[in-house]
Amino acid sequence: DAGITQSPRHKVTETGTPVTLRCHQTENHRYMYWYRQDPGHGLRLIHYSYGVKDTDKGEVSDGYSVSRSKTEDFLLTLESATSSQTSVYFCAIKPGTGNSGNTIYFGEGSWLTVV
Amino acid sequence: AQTVTQSQPEMSVQEAETVTLSCTYDTSESDYYLFWYKQPPSRQMILVIRQEAYKQQNATENRFSVNFQKAAKSFSLKISDSQLGDAAMYFCAYRSPLLNQGAQKLVFGQGTRLTINP
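In the order they appear, the protein sequences are chains A and B.
Position in the first sequence counted from 1, then plus 778, gives you the numbering used here.
FYI, the numbering used here numbers position 72 of the second sequence as 58, with every residue one higher than the one before it.
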């Protein structure tokens, strides 16, 4: 158990509405990530963070923004949701030290449907 | 940029038999990490095995082992004595070891769906 909690786990929203997904971790890990998973694409990185207020874009960042105002929370916001953003969203963390510091661990996923 | 390719969208194996899932990657780096993750129907991403590129010895975790061929940029996963609970999507992933902040991320293959036949 990597101590990662995603919320909400399931959400249906309408096109054009803003949506925020929350990732909460309990172990003060420095690195946090947001991935999306779509059929035929595996997991693709949206945004990541390497510290409080330190974030950067991944390969599919268009339409998404993130914020990290404290170590334990990493928020992903869809400013105006579109149907193409219907996906499963995974938060992940990477411990900073020790043998486990080489591995990235995932939350349980958030299912988002945009109708 | 690094890329990871899994050329087998689907595989099936008889229970108790052995199956090998293929993965190739492209990189110009000499040191890196490779991973296999399992995703059962629950969609949870579970780490199966990890290989450090600087280690010549292939990693092993119980019934799971890898065949790491660095020169060929190949990283296959062998599952021995397949069990019904092994049925899942399997993802190969690459991570750079660089200390650059932007490099601490995983690049995934497209996945292989493994079916276990009783």
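All residues carry an ideal CB built from backbone N, CA and C; glycine is no exception.
Contact between A/T860 and A/V830 fails: their C-beta atoms lie close to 30 Å from each other, not under 8 Å. Each residue's CA atom was taken as its position, placing A/E850 and A/P786 some 16 Å apart. Under the criterion of beta carbons closer than 8 Å, A/T798 and A/T855 qualify as touching, at roughly 5 Å. Judged by DSSP in its simplified three-state form, A/Q863 adopts helix. Against chain B, the CB of A/F868 has a partner CB under 8 Å away; the residue lies at that interface. B/Y80 counts as buried, since at least 16 other C-beta atoms from the protein chains shown sit within 10 angstroms of its C-beta.
Within 10 angstroms of the beta-carbon of B/Q42 lie fewer than 16 other beta-carbons, which makes it exposed.
For secondary structure counted as the beta strand (DSSP E) over 3 or more consecutive residues, the segment 42 to 104 of chain B holds these complete runs in sequence order: 50 to 55, 60 to 65, 74 to 81, 92 to 94, 98 to 103.
Annotation for A/I882: no beta strand (DSSP E) segment contains it, and DSSP assigns it neither H nor E.
Per DSSP, A/G841 lies in no beta strand (DSSP E) and is assigned neither H nor E. The three-state secondary structure of B/M(-3), taken from DSSP, is strand.
For a Cβ distance threshold of 7 Å, nothing in chain B lies close to A/I782: the least Cβ distance comes to about 11 Å. In this structure, A/Y842 lies away from A/Y826, with their beta-carbon atoms at least 8 Å apart. For B/S16, same chain residues with a beta-carbon under 8 Å away, outside a window of 5 residues either side, are A39 in chain order. Per DSSP, the continuous beta strand (DSSP E) segment holding B/D12 begins and ends at 10 to 12.
Cβ contact annotation for B/S66 (same chain, cutoff 7 Å, sequence separation greater than five): T4, R49, in chain order.
Closer than 8 Å to the CB of B/F50 there is not a single CB belonging to chain A. Within chain A, G820, L821 have C-beta atoms less than 9 Å from the C-beta of B/F77, given in sequence order.
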